[in-house]
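*Asks:* Residue numbers for the sequence shown follow UniProt numbering, beginning at 1 and rising by one.
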Amino acid sequence: MTKTLGQKIRELRMQKGLTQGDLGGGKVTPSMISQIEADKANPSHRLLKWISDKLETPIEYFLTDMQLQSEKISSFRFAKALIEAGEPRQAISILETLADGQSLPMHQQEIQRELAFCYRSVGRLEEALEMLEEVLSASLMKRDTSAMVQILKEMGMLEKERHNYRLAIYHWNRANRLLEETQPVNSLEWADLLRNLAALHRDLGEMDLAKSTYEKAMTLLSGTSDLKGIADTYLNLSRLYRETGEYEKATAYAEHALSINKSLNDLKAMIRIREMNAVLKAEAGRVQEAIDALVQCLEEYEKYGFGDRFASVHGALSNIYLRERQFDKARYHCQLALEKAADEAEKAALYRTWAKTAKEMGQLEDAMEAALKSVNFFTRANLPRDLAYSYSLLGDLYKESGNYSGAVQALENMRMAMETNLKERGIVL
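Written out as structure tokens, the structure reads:
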């Protein structure tokens, strides 16, 4: 079996009778050497040179491992990009080669969870479960309660999809017991688990269990500002009491849900108006005022559970920072927006912003990759006008990188997209 970089360093250190402290030599802590030997941290080139000198070994002996490690990390990032672009099937073969426990030890659990997600996305549920069981075992050994809860929730979802309802309940109850022992309590996470559990009890006709579980979720939510979660739980309790013939309670819960939803709709509309006004302020040159207002909108969306608006605000902030040539901040908010975006058109616009930012930073390869994603998402969303703009950007990037045939093809695609847009508007060419 091929040895990892960390294994090579550890073996040579022990052969020379050095402790981790000796090898660190005051330059880095013994803890850092331990992390490197366990393949949980990558040394910089300068630190690797220091280590190779201490071990009296040519640095070339280690550089091949560093290069291989870099290539594997690049492959992992590409796989995650495929998943983000809605292509989990293409990511599977890449992730399978990395999920051997040796390729990227420090990313092993993340790789396995991503692979489990891909398996689930393409219907390979048995393999997804097997992968999650491996991650659960590793989390158990590390006593990582938070990771165990997340994995058990995912396993419950998988078993529910497979119609193994008792196993789903078993996994969710295990997660519930772990949360009962956790301090401090994450009320929102716990309530979300209980609401899934209650819904399954209801589907199985276990009405008393469903009621008590929903009521426990309500107790947790009552101390939070998650008004949407509270309203949804009231509505589900109303359904339950109606199904069991307790119409007075059903009516009371329904009225609570109606009242909260009316308030939520009014509140959400008010914050959205403030968000739109902030964008207009930025375009009028009142930049800092606009940024402050958008940050406040973001805080209020989070406070009241309007998670579907996060991507919009982060996207607006990204565009403002791009215009202000604060590229690191532009990229930061664009990344956050992409993580939250659910709509294909929204993702397409965000990838175009990412491409523009990368172009300004001189990162042409990254810019072209993002521009291509923008093109793909706008194509799927059937938005020819926006698609034409993304093709125009892609053509500029190809031209700047010296790929003139790619530039010509992109401009031809732009022309076709513009023609499609004009035809849809009733303009005959």
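The beta carbon of each residue, even a glycine, is placed where N, CA and C say it ideally should be.
Using 10 angstroms around the beta-carbon of residue 113, count the other beta-carbons present and answer buried if the total reaches 16, otherwise exposed.
*Replies:* It counts as buried.
*Asks:* Give a yes or no on whether the C-beta atoms belonging to residue 279 and residue 298 are separated by under 9 Å.
*Replies:* For residue 279 and residue 298, no; Cβs fall outside 9 Å.
*Asks:* What are the boundary residues of the alpha helix (DSSP H) that includes residue 147?
*Replies:* Looking at the DSSP string, the run of the alpha helix (DSSP H) that includes residue 147 is 145 to 161.
*Asks:* When you compare only the Cα positions, how much space is there between residue 385 and residue 352?
*Replies:* Straight-line Cα distance between these residues: approximately 14 Å.
*Asks:* State the DSSP-derived secondary structure class of residue 313, mapped to helix, strand or coil.
*Replies:* Correct three-state label for residue 313: helix.
*Asks:* Skipping 5 residues on each side, what residues in its chain have a beta carbon closer than 7 Å to that of residue 319?
*Replies:* Excluding sequence neighbours, residue 319 sits near 353.
*Asks:* Using the three-state DSSP reduction, which class does residue 25 fall into: helix, strand or coil?
*Replies:* In this structure, residue 25 counts as strand in the three-state DSSP scheme.
*Asks:* Any chance the CB of residue 85 is under 8 Å from a heavy atom of the ligand NAP?
*Replies:* Among the ligands in the structure shown, none appear at all, so the ligand NAP cannot be discussed.
*Asks:* Let me check understanding here. Comparing Cα to Cα, which of 79, 238, 145 and 18 lies closest to residue 55?
*Replies:* Measuring from the Cα of residue 55, the nearest candidate turns out to be 18.
*Asks:* What number of angstroms, rounded off, separates the C-alpha of residue 23 from the C-alpha of residue 15?
*Replies:* If you take the alpha carbons of residue 23 and residue 15, they lie about 12 Å apart.
*Asks:* Spatial neighbours of residue 96 within its chain, please: CB distance less than 8 Å, with the 5 preceding and 5 following residues excluded, ordered by chain position.
*Replies:* For residue 96, where only same-chain residues beyond five positions count, the Cβ hits under 8 Å are 115.
*Asks:* If you drop the 5 nearest sequence neighbours on each side, which residues of the same chain put their C-beta closer than 7 Å to that of residue 305?
*Replies:* Answer for residue 305: 226, 227, 228 and 229, listed in chain order.
*Asks:* By the three-class DSSP mapping on this structure, what secondary structure does residue 399 have?
*Replies:* The answer is helix: DSSP assigns residue 399 an H, G or I state.
*Asks:* With a CB to CB cut of under 7 Å and the five nearest residues on each side skipped, what residues in its chain are close to residue 12?
*Replies:* Around residue 12: 55 and 57.
*Asks:* Can you tell me the Cα-Cα spacing of residue 61 and residue 196, whole angstroms?
*Replies:* Taking the straight line joining both Cα atoms gives about 53 Å.
*Asks:* Which whole-angstrom value describes the C-beta separation of residue 388 and residue 346, a residue pair presumed to lie in contact below a C-beta threshold of 8 Å?
*Replies:* Their Cβ separation, rounded to whole angstroms, is 18 Å, which puts residue 388 and residue 346 out of contact at 8 Å.
*Asks:* Find the nearest neighbour of residue 210 within the set 216, 217 and 202, judged by alpha-carbon distance.
*Replies:* Among 216, 217 and 202, the Cα nearest to that of residue 210 is on 202.
*Asks:* How is residue 343 classed by DSSP in three states: helix, strand or coil?
*Replies:* Reduced to three states, the DSSP call for residue 343 is coil.
*Asks:* Identify every run of the alpha helix (DSSP H) within the stretch 75 to 106, keeping only runs that are complete inside it and at least 4 residues long; order them along the chain.
*Replies:* DSSP runs (the alpha helix (DSSP H)) wholly in the stretch 75 to 106: 88 to 98.
*Asks:* Count the CB pairs spanning the stretch 262 to 273 and the stretch 235 to 243 that are closer than 8 Å, and state whether there are at least three.
*Replies:* No contact exists between the stretch 262 to 273 and the stretch 235 to 243.
*Asks:* Over what stretch of residues does the alpha helix (DSSP H) that includes residue 30 continue unbroken?
*Replies:* Note, residue 30: alpha helix (DSSP H), 30 to 37.
*Asks:* Just curious, the alpha helix (DSSP H) that residue 177 is in, first and last residue?
*Replies:* 165 to 180 is the span of the alpha helix (DSSP H), which, as asked, contains residue 177.
*Asks:* For residue 36, which residues of its own chain have a beta-carbon under 7 Å away from its beta-carbon, when the five flanking residues on both sides are left out?
*Replies:* Correct list, in chain order: 6, 9 and 43.
*Asks:* Can the beta-carbon of residue 92 be found closer than 9 Å to that of residue 122?
*Replies:* Going by C-beta atoms, residue 92 is nearer than 9 Å to residue 122.
*Asks:* Within a Cβ cutoff of 8 Å, which residues of the same chain sit near residue 274, ignoring the five residues on either side of it in sequence?
*Replies:* Counting only Cβ-Cβ distances below 8 Å, and skipping sequence neighbours, we find 293, 296 and 297.
*Asks:* Taking its Cβ as the centre, do 16 or more other Cβ atoms sit within 10 Å of residue 161, making it buried, or is it exposed?
*Replies:* Exposed: under 16 other Cβ atoms inside 10 Å.
*Asks:* Just the Cα atoms here: how many angstroms apart are residue 270 and residue 301?
*Replies:* Rounded to whole angstroms, residue 270 to residue 301 spans 11 Å at the Cα level.
*Asks:* Please report the distance separating the alpha-carbon of residue 260 from that of residue 175.
*Replies:* Answer to the nearest angstrom: the Cα atoms are 29 Å apart.
*Asks:* Kindly indicate which three-state DSSP category residue 428 falls into: helix, strand or coil?
*Replies:* Residue confidence is low: residue 428 scores 48 on pLDDT, short of 50, so the model does not pin down where it sits. Its coordinate-derived value is still stated next. DSSP places residue 428 in coil when its eight states are reduced to three.
*Asks:* If we ignore side chains and look at the alpha-carbon of each, how far apart do residue 98 and residue 154 end up?
*Replies:* Rounded to whole angstroms, residue 98 to residue 154 spans 21 Å at the Cα level.
*Asks:* Which value, in whole angstroms, describes the spacing of the CA atoms of residue 344 and residue 104?
*Replies:* Cα-Cα distance, rounded: 31 Å.
*Asks:* Do you know how far the Cα of residue 262 is from the Cα of residue 368?
*Replies:* Cα to Cα, residue 368 sits roughly 45 Å from residue 262.
*Asks:* Report, in whole angstroms, the separation of the C-beta atoms of residue 79 and residue 373, which I expect to be a contact under 8 Å.
*Replies:* With a Cβ gap of about 14 Å, residue 79 and residue 373 do not count as contacting.
*Asks:* Judging by CA-CA distance, which residue of 365, 366, 362 and 391 is the nearest neighbour of residue 376?
*Replies:* Among 365, 366, 362 and 391, the Cα nearest to that of residue 376 is on 391.
*Asks:* Within the continuous alpha helix (DSSP H) that includes residue 124, where are the two ends?
*Replies:* Per DSSP, residue 124 belongs to no alpha helix (DSSP H) and is neither H nor E.
*Asks:* If you drop the 5 nearest sequence neighbours on each side, which residues of the same chain put their C-beta closer than 8 Å to that of residue 411?
*Replies:* Result list for residue 411: 391, 392 and 395, in chain order.
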